[in-house]
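Numbering (the numbering used here), first residue to last: 0 to 403. Quick reminder that beta carbons are idealized off the backbone N, C-alpha and C, glycines included. Every value quoted in this text rests on a predicted model; they were computed, and no experiment measured them.
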Ligand SMILES: *Cc1c(COP(=O)(O)O)cnc(C)c1O
C-alpha cells in the first residue's frame with residue numbers, strides 16, 4: 000500500500016462524518032460532482048412514493064391542507080435556514096435560482112431607492128447595478144435584464160474590484176459566495192459591509208456555498224440571498240431554489256413577481272394585490288410540490304450534522320486532494336486554479352489542463368466523476384457528507400494514470 004493510501008485510511012478512520020455516507024444511495028464510483036448534482040439521499044424514494052400514491056393519489060385536493068402542501072415553501076425554508084445562518088421566517092423555497100435572482104435584484108434596486116439600504120441612501124439617484132463579471136452566466140443575463148427594467152446601468156466587475164466601483168449611484172450588487180469555476184470563496188462579511196457603507200443593497204448567490212460551508216447570513220447583515228438546492232443540499236434534479244429576505248427588509252421588499260401565492264389573502268381572489276407579511280412575500284405561483292417534498296426528505300441527511308464539521312472535513316478533503324495530485328500527476332501537466340488559502344477556498348478543486356474535456360471523459364470511464372468547464376477546467380466537487388479520503392486518493396491516482 001502506498002504512503003498516501005495508508006494516510007487516506009487513517010483519515011477515514013478518524014472521520015466523524017464517515018457514517019453519514021450510508022444515508023445516501025451510492026456505488027463504488029468516486030462521485031466528485033455533488034457541486035453540480037448532489038447524490039440521492041436514501042430517504043427520498045420512499046417519501047416521494049408516499050407523496051405521489053397517498054397524498055396525491057388518495058387524499059387529492061385535501062393534501063394542500065392535510066399534508067402541508069400549502070405551507071411547504073416556508074416550512075422547508077426554515078429547514079434550510081440554519082445551514083445558511085438564518086433565523087426562522089426569512090427563507091422561502093420555490094422557483095429556480097434564475098427566477099430568484101430576478102426577484103432579488105429588482106427587489107434590491109427598489110429597496111435601495113426607498114433609502115432602505117443599511118447606509119444613508121436617500122437623496123441620490125441610484126442607477127447602477129454592480130455584478131460579478133466572472134459569474135455563472137444565468138446570473139449575468141438576469142442582471143442585465145433587471146438593470147434594463149429598472150433603468151440602471153450594469154457594471155460588471157471582478158469581485159476584487161467591487162469596493163472601488165461602489166458609490167452614491169450604486170443601487171444593488173450581485174455577488175457569488177463561491178465562484179462556480181475556480182472554487183474561490185469571496186469575503187462575504189467584508190463585501191457586505193462595503194456595499195452597506197455605500198448605502199446600497201447586496202444580493203448573495205449561495206449556489207456553491209450552502210451546504211458546504213458556514214454562510215452566516217444573519218450575523219453578517221446580508222440583505223437578500225438566493226441559492227439552489229440540487230448541489231450541496233442534494234434536493235434532486237431541478238429541485239426548487241430559495242430566497243432569503245432579511246427580516247428588517249421584509250415589509251419593504253417589493254417583489255417584481257407578485258403572484259397570488261404571496262398575497263396577504265390568497266383565497267380572497269381579490270383584484271388588487273396586497274403582499275403578505277414575511278418571507279413568503281417571495282412566493283409567486285403554485286409550488287412544484289413533487290420536487291419540493293423530495294427536497295424536504297433530502298434534508299433529513301442533515302439531522303445531527305453541523306455545518307462547521309462539514310466545513311472542517313471539506314478543507315481536509317481538498318487539502319488532501321491537492322497533496323495527492325502533486326504526488327500522482329506528472330509535474331506541469333495541470334495547474335491549480337483554486338486558491339490554496341483556506342479562507343479563499345470553497346468545497347471544490349479546479350485544475351486547468353489543456354485537454355480537460357478528453358481527460359474528464361477518460362476519468363469518468365475509469366469510475367471517477369467530476370466535470371469539465373469550458374474551455375480548459377477540470378472541476379472536482381467534494382461533498383463531505385459522502386466523499387471519503389480513500390475516494391480522494393483514488394481520484395488523484397486515476398487522474399495521474401490518465402495524464403501519464
Ligand atoms: C448552479 C447555479 C445556478 C443555477 O441556476 P438555475 O436557475 O437553477 O439553473 C445559478 N447561479 C449559480 C452561481 C450557480 O452556480
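| Item | Value |
| --- | --- |
| Residue 320 - containing alpha helix (DSSP H), residue span | 306-327 |
| Counted within 10 angstroms of its Cβ, other Cβ atoms place residue 40 as buried (16 or more) or exposed | buried |
| Closest residue to residue 113 among 336, 199, 273, 142 (Cα-Cα distance) | 199 |
| Minimum length 4: unbroken alpha helix (DSSP H) runs contained in the segment 76-125 | 96-112 |
| Residue interval of the alpha helix (DSSP H) (run including residue 149) | 136-149 |
| Supposed close pair residue 329, residue 393 - CB separation, criterion 8 Å | Contact doesn't hold; Cβ gap of about 18 Å is too wide. |
| Same chain, Cβ closer than 7 Å to residue 15, five either side skipped, listed in chain order | 308 |
| Cβ-heavy atom distance, residue 95 to ligand 1, below 7 Å | yes |
| Buried versus exposed call for residue 396 [16 or more other C-beta atoms within 10 Å across all chains shown] | buried |
| Nearest-angstrom beta carbon gap, residue 375 and residue 351 [assumed within contact, 8 Å] | 5 Å |
| C-alpha gap between residue 391 and residue 256, whole angstroms | 44 Å |
| C-alpha gap between residue 354 and residue 371, whole angstroms | 10 Å |
| DSSP-derived helix/strand/coil call for residue 152 | strand |
| Host beta strand (DSSP E) of residue 399 (start-end) | First-last for residue 399: 388-402, but that is the alpha helix (DSSP H), not the beta strand (DSSP E). |
| Cβ-based neighbour list, residue 212, same chain, cut-off 6 Å, excluding 5 preceding and 5 following | 310 |
| Member of 288, 363, 151, 313 whose CA lies at the smallest distance from the CA of residue 60 | 288 |
| Run of the beta strand (DSSP E) containing residue 169, from where it starts to where it stops | 169-175 |
| Short Cβ contact (8 Å threshold) for residue 382 with residue 37 | yes |
| Selected residue, minimal CA-CA separation from residue 263, among 348, 280, 249 | 280 |
| Alpha helix (DSSP H) segment containing residue 251, residue limits | Taken as a continuous stretch (DSSP letters only), residue 251 belongs to no alpha helix (DSSP H), as it is neither H nor E. |
| C-alpha gap between residue 116 and residue 110, whole angstroms | Residue placement at residue 116 is flagged as unreliable, the pLDDT there being 48, under the threshold of 50; a coordinate-derived value is accordingly withheld. |
| Per DSSP, cross-strand counterpart(s) of residue 128 | 153, 171 |
| Sequence-distant residues of its chain with Cβ nearer than 6 Å to residue 298 (five each side left out) | 78 |
| C-alpha distance - residue 318 paired with residue 197, whole-angstrom precision | 37 Å |
| Other residues of its chain near residue 28: CB distance less than 8 Å, five sequence neighbours each side excluded | 366, 367, 368 |
| Cβ-heavy atom distance, residue 430 to ligand 1, below 7 Å | What the structure shows of the chain is the stretch from 0 to 403, and residue 430 is not part of that stretch, so it cannot be assessed. |
| CA nearest to the CA of residue 303, picked from 192, 11, 8, 384 | 384 |
| Cβ contact (3+ pairs, closer than 8 Å) linking the segment 128-142 and the segment 171-179 | yes |
| Contact test: residue 230 Cβ vs ligand 1 heavy atom, cutoff 7 Å | yes |
| Contact set for residue 245: own chain, Cβ-Cβ below 8 Å, skip 5 residues either direction | 89, 216, 217, 220, 221, 222, 223 |
| Close beta carbons around residue 20, own chain, < 6 Å, minus the five adjacent residues each side | 385 |
| Contact between the segment 182-196 and the segment 137-152 (3+ Cβ pairs under 8 Å) | no |
| Any non-hydrogen atom of ligand 1 closer than 7 Å to residue 240 Cβ | yes |
| Pick from 238, 340, 323 that is closest to residue 333, judged by C-alpha positions | 323 |
| C-beta neighbour in chain C for residue 126, strict 8 Å | The displayed structure is made up of one protein chain only, and chain C is not part of it. |
| Near ligand 1: residue 285 beta-carbon under 7 Å from a heavy atom | no |
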